[in-house]
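**Q** Quick one: the structure is below, and I'll ask about it shortly.
Chains as they are written, first to last, in my numbering: chain A, 5 to 100; chain B, 2 to 417; chain C, 285 to 1289; chain D, 33 to 246.
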């Protein structure tokens, strides 16, 4: 069970307070109509799903009601950082 | 292959069990094969078996990074049923169920397929509409099933709580008598033994680290024990499909999630059927050893950790205690997690890919074990003939482009 | 009853306090401080159970959670508990215990006759048999199941309650043996919040049975001192009878505290057990070690025990479980048992040591007492049926693989064995740390830490007393420092312990027999499941090479003791059979639970009425008082219908529906989700979320909208009102409220932060009463004077502020019934007041409260969809015949729009919403029924769609249904069929989905 | 009756019925015999004004405007609240606060709107939630049962301020705040209030629990 540092509440909080928001940093295409079905499907359904470093969104549902991003290792579940939406992670790559 | 029977058991007992044949060889890999199957779980082993048995393709290696049947085959709650809603899924699972019904004899290995029936409970009016819809579709598809009342449920599972005063009272259920459970390890071992007997080779403790291609076609796999050539490579690596796909430069619409399960200590038999509830979220059966085998939820986040959050276990156990208040004083003996590939439409992918000779079978989510024989059967056919088996057609990768998803229930939460 | 094995010196027990108990229906007496196991041993009870597979008689083997044999059913009736280990059950007055196997009794078990044919049941025999004939398997299985299980589940609800506490601490110390106690003391001293938990009834661990001196005190006195010190710290929480059973991610550990189990009474005032959910900054694991038994032929006969268990029964419980002891060992440590036995005046017949030339301190002490030591010997077989009578002993080679000389017979009634110690690495293993085999100590050590934890003492493989204490103190200080307390330097002086010089032990995992393993009498490795050394070798012979395969094939480690006794021996035997070393063979991953954990305690109080919150509206009590039946809608309790005396549900729904159509009805619509939206970009944002546009919606106006997910499928619907410039109120479905709010937040926060808009849930703020029907205006007029209710002034899809029944209200003219409707919203505190005033005002029109069932009928008459009932997540607006709600000319590509153009979304022959009218007017189709064109076609039938909603409509005088049918909008007038389970089929004609008032005049009046 | 006068209006706080129902319920009747010392007393302080306020915490004009009207500065440190008299402002998120006050909600909203310009939101949620004060020696334990939040780290704040958190509370959510007298305030949603009250009675059984509705 994860313990997640909320970058708004500035505290570690229990996983039960959060909901998972999926892969982060996926921008909605500006002109969906110009995309092929395949390109649109890529946006809709295809995710990195890495074994290792993953940048993902979390929603502090029963706390501050803010979305934020986390860098988490999907094997160890270690959360390496949390950061604001619209900013870039400090930790990148694929392995911890 | 020396056949197993009561007689062979007796004969071997007289010689102190010193003369049993090996269930399978443990050969060193050859330089190349007609087909390399990546992943030695139930689905991969079944694929090897049907490639040999149905299609006469015996120059096959099953390459497994750990031990045979050690992934989700060893970690699931062994429930088998075919009462799926949509025609495409129902037909695939029904093929599976029919294969299950003769599997022990076919493999000459008792997989202990026990047709003790499956109840899917309904707890609100919409549940009951959905149950009626599903059972109605099942009947017209030739799949057994009926809608049963709480009183009938109580007869089938006497310890269940059908009080109308429950927080979410049981209003009814679908009942598939042909459903049941099987002994999960035996399925992997039985397929491996039978496939081995037909010539397929089991290569354990060998991890595939790359998929070698030439001119857009697959030529083999890189492994922790060196390169193995192959004209065709069939990947069946539940939980790690995305990672394997990436080796061939492919992306799959799957995400890997921890799915949890737990068992109680053995108790005297008191539950002779499988009970599943989506609304209060738990499913339970009792094994032939006496353990209550309980399926817990899927964690909400991606993970490869084969473990999960304790609060998921808590919610599941609450659900079980709601359904079976008497089990409150029974104890949890062990809990664990598996990694499931989840697809946006909660249906599998059984598909050719853009790489010639490379095939994928993945995305079974929580439904993989029950599909083992059917999955192997249609995948073997797809690989052997380089075109989708008719029952696999709907489960192609292109459906994510066209939008022809099979069950968009599961798609409700995607898109961003 | 005389306790024939009770010693005069009573250890930690109280001779003066007798406790009566029953075992298998027979009366016995023990004393305070006993466990059930020690009391049974005191009474000379040899056979306490039967093994699972071969039904062999079994006696008490251990003294803690490793006990494989003494599995008990405790108590009876609703509060019975299955599968407790007698070694962990504290004795109390009136305790009832029975064996879980053995019929008609444990002393004579008919299944034991089957056990005599054990050779026919090697590992995996069931995989090889019972296959033919195919149809008989279910019959075979019935017999197999008869033998299944240990104890029995109660069949009634649990009378006890269970507590849960969320705990936070800086340092959690697991285990209150010597290392844990000093670790806790060091951490406590720094001011850190410390929790120390131990599974036993009192702190001290192995020291409770030790004869060692520490700081010049007896071990138990020293424990009392340090426990007293800990009690004096107010930053220390001490949890005895508390098992840390799982170590989860991010230093979350779960502890089961047994609060009243040892009292044996169901106390209404307190919980039976308490679950502590602990988040610890740092963890010290001091969980000790388990002694390994020696594996020899018939090592399962009652009277064979662990050496440390014999010492524990002697020293801690004052029980001597026999008279003539033979000790079999591979190490010096176990000689202590010979000393303990000797000093209580009983006979040590011989010590059988596998090593040659042992001369450590304890060995010399034993030798000095004149006790026979058979060096270089193995105890190869025990002889006896329900109690050991003899030991067969033979010289063995130095490697311990072969019997090298003649067998001698030694008469005895107790065999204690020791094959060394295995560190209890379970909790560190839960974290994913991979255990490391260490030949030097013949044990696994915990692997590299994956969490903020460290092991200290025996569980780290440090079996020497002083070293363990040093490690514990260091671990406590270090953990505190890393949690932000203290300097990390040990503060208390090191306790003084006599150092005992020990010679190296021998790694011996299977005592050789003069027959081969396959032909020797069974040499048990895992007692509970009858896994023998021969079984493991057979698995290897059959080609199972992985430790996991062998475990699964033989069931090694799958018992309720989870392999605490057998796993290491089993793995070593496997390694030997594979000609590998143990490190190569690998280990198995331990998983929670460390010991079995009560389901009720895991569930806590979140069962029964607290299983899930019940959400009530402000009018809920009125509904209850007025006889409503309720429907669960999400977590809400909504009135389903309001039956009057002797009415059937159908009669009620007919009456309620007719009232609305002919006069006026009232519905509690509070549960609809309501989201307040403010900001200069509110209209733009809302327009991106809905399929239609809100850019030109004027204050005072409402509009119906449909929301899609990005895949183009309908996900929610509702009305959105413009309250003022830049201020909107969005209604959602009851079930969709929370999901829609987080959906809006998701897009605003993560995709379009530049749009200035705020969302606030106001679902709970408003109570909503819908007054609907031709007389609705007249009713409202009686309680509302400040709104011009004239149609021209307050038209359909308008809203107005005003005062209703003296309360500031917001009134919407929106309709889900197709009748003239007013949805009156007031702050929830006034909900019941306004509701009652409306009922009173409507009484002259016989205003009729109605529930969700009538609401469903009325809206279906109008062809209004319910998201989630008429749609299922695979339906587009076009499928619902609702293209009118899709803004084709919207500039921004609203959410889901692109997906509506995918090839499958524009495919011909998609399922479309239509009405169905049964040819037999009174036949009501089943909701969910599948639709076919030809009911006589062979199976599998080609299904065309299904019925989504179906009712009898009293106002129309016939049944109505909504359905989705392939290409349905082009099939008006076609007759289709719904086949039923009994083979019959109901014919229905495809018609428009709008059955009532198709022009919509009635809602506009 | 064709006209209702304002003085006949009755209101019901979320826990309006609670003590009545509880005193008659079998399971908890022993807790209401009057002889027991209750370890937990939950007293509803209902029917006050509660406003949800949104705005940009980095906008000084916004902060200043709010302070002028409320007589207390908006807390900008996460997890804190400010109070003055009977007006309390709780931090809920980086741009969200909830204000509880004894004054009239509509009046307060109007004053705030008058004083503050720019992109803000003010929403009256007075009917949607209620404030419950928890006092008694059993309260710290009750909080441990209810929530995984570590209330043990809270220390007393400076005058006019305290700690608050919005978190899970049993299977509902709540805002929990400490008071200077050692008690705690709980703000819960109306539709969950019956559940929370039932839960408190159950979880408080060990020490005795009484609910006083407003």
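All C-beta atoms in this analysis are idealised placements derived from N, C-alpha and C, irrespective of residue type, glycine included.
Using the beta-carbon of each residue, which ones in chain A are nearer than 9 Å to residue 125 of chain D?
**A** 12, 13, 64, 67, 68, 69, 70
**Q** Under three-state DSSP, which class holds residue 721 of chain C?
**A** strand
**Q** Chain A beta carbons: is any one of them nearer than 9 Å to that of residue 968 of chain C?
**A** Not closer than 9 Å to any Cβ of chain A, the Cβ of residue 968 of chain C fails to qualify, so no.
**Q** Can you find at least 3 beta carbon pairs, one from the stretch 804-821 of chain C and one from the stretch 834-844 of chain C, that sit closer than 8 Å?
**A** Under the three-pair Cβ rule at 8 Å, the stretch 804-821 of chain C counts as touching the stretch 834-844 of chain C.
**Q** To the nearest angstrom, report how far apart residue 261 of chain B and residue 304 of chain B are at their CA atoms.
**A** The straight-line gap from Cα to Cα measures roughly 12 Å.
**Q** Would you mind working out which of C/1104, C/1082, C/768, C/1012 sits nearest residue 1044 of chain C, comparing C-alpha positions?
**A** C/1012
**Q** Name the two residues that bound the continuous alpha helix (DSSP H) containing residue 776 of chain C.
**A** Residue 776 of chain C -> no alpha helix (DSSP H), and no H or E assigned at all.
**Q** Taking the continuous alpha helix (DSSP H) assigned at residue 285 of chain B, which residues delimit it?
**A** Annotation for residue 285 of chain B: no alpha helix (DSSP H) segment contains it, though the beta strand (DSSP E) segment containing it runs 283-287.
**Q** Could you tell me which chain B residues have their CB closer than 8 Å to the CB of residue 58 of chain A, listed as they occur along the chain?
**A** 303
**Q** Are the C-beta atoms of residue 205 of chain D and some chain A residue less than 9 Å apart?
**A** yes
**Q** Count the other CB atoms, across all protein chains shown, that sit within 10 Å of the CB of residue 628 of chain C; report buried if there are 16 or more and exposed otherwise.
**A** exposed
**Q** I want to verify the contact list: residues of chain C whose CB lies under 8 Å from the CB of residue 81 of chain A, in sequence order.
**A** 533, 534
**Q** Of all the CB atoms in chain C, is at least one closer than 9 Å to the CB of residue 231 of chain D?
**A** yes
**Q** Which of helix, strand or coil does DSSP assign to residue 539 of chain C?
**A** strand
**Q** Under the three-state reduction of DSSP, which class applies to residue 457 of chain C: helix, strand or coil?
**A** strand
**Q** Compile a chain-ordered list of the residues in the stretch 38-57 of chain A whose CB is closer than 9 Å to at least one CB of chain C.
**A** 39, 41, 44, 45, 47, 48, 49
**Q** At a Cβ cut of 8 Å, what residues of the stretch 1206-1219 of chain C count as close to chain B, listed as they run along the chain?
**A** Under the 8 Å Cβ criterion, the stretch 1206-1219 of chain C contributes 1210, 1211, 1212, 1213, 1214, 1216.
**Q** Looking at C-alpha atoms only, which residue of D/206, D/191, D/237, D/96 is the closest neighbour of residue 173 of chain D?
**A** D/237
**Q** Give every residue of the same chain whose Cβ lies closer than 6 Å to the Cβ of residue 321 of chain C, excluding the five residues on either side of it in the sequence, and list them in chain order.
**A** 344, 354, 370, 371
**Q** Mind pulling the chain B residues with CB within less than 9 Å of residue 24 of chain A?
**A** 300, 301, 302, 303
**Q** Please state if the CB of residue 52 of chain B and the CB of residue 385 of chain B are separated by a distance shorter than 9 Å.
**A** yes
**Q** Verify whether the separation of the beta carbon atoms of residue 133 of chain D and residue 140 of chain D is less than 9 Å.
**A** yes
**Q** Span of the alpha helix (DSSP H) holding residue 157 of chain B?
**A** 151-157
**Q** For residue 92 of chain D, count the other beta carbons within 10 Å of its own beta carbon; 16 or more makes it buried, fewer makes it exposed. Which is it?
**A** exposed
**Q** Can you tell me where the beta strand (DSSP E) holding residue 14 of chain A begins and where it ends?
**A** Premise fails: residue 14 of chain A is in no beta strand (DSSP E) and is neither H nor E.
**Q** How long is the line joining the alpha carbons of residue 1291 of chain C and residue 532 of chain C, rounded to whole angstroms?
**A** Limits of chain C in this structure are 285 at one end and 1289 at the other, which puts residue 1291 of chain C out of reach.
**Q** Would you mind listing the beta strand (DSSP E) stretches within the stretch 1027-1082 of chain C that are 3+ residues and don't spill past its ends, in chain order?
**A** 1042-1045, 1050-1056
**Q** Going along the chain, which residues of its own chain have a beta-carbon closer than 6 Å to the beta-carbon of residue 696 of chain C, five neighbours each way excluded?
**A** 608, 610, 633, 675
**Q** Output the distance between the C-alpha atoms of residue 776 of chain C and residue 91 of chain A, rounded to the nearest integer angstrom.
**A** Whole-angstrom Cα-Cα distance: 49 Å.
**Q** Could you check whether the Cβ of residue 85 of chain A sits closer than 9 Å to any Cβ belonging to chain C?
**A** no
**Q** Select from C/1130, C/410, C/716 the residue whose C-alpha is nearest the C-alpha of residue 732 of chain C.
**A** The closest CA to that of residue 732 of chain C, considering only C/1130, C/410, C/716, is found on C/716.
**Q** Using a Cβ-Cβ cut-off of less than 8 Å, give me the residues of the stretch 219-250 of chain B that come near chain A, in sequence order.
**A** 241, 243, 244
**Q** Could you work out which residues of chain B lie near residue 916 of chain C, taking near to mean beta carbons separated by less than 7 Å?
**A** 125, 169
**Q** Figure out for me which residue from B/121, B/245, B/331 has the closest Cα to the Cα of residue 157 of chain B.
**A** B/121
**Q** Could you run through the stretch 252-276 of chain B and flag, in chain order, every residue whose CB is less than 8 Å away from some CB of chain A?
**A** 252, 253, 254, 255, 256, 257
**Q** By Cβ distance, which residues of its chain are closer than 7 Å to residue 374 of chain B, with the 5 residues on each side in sequence left out?
**A** Closer than 7 Å at Cβ, skipping near neighbours: 47, 97, 100, 101, 104.
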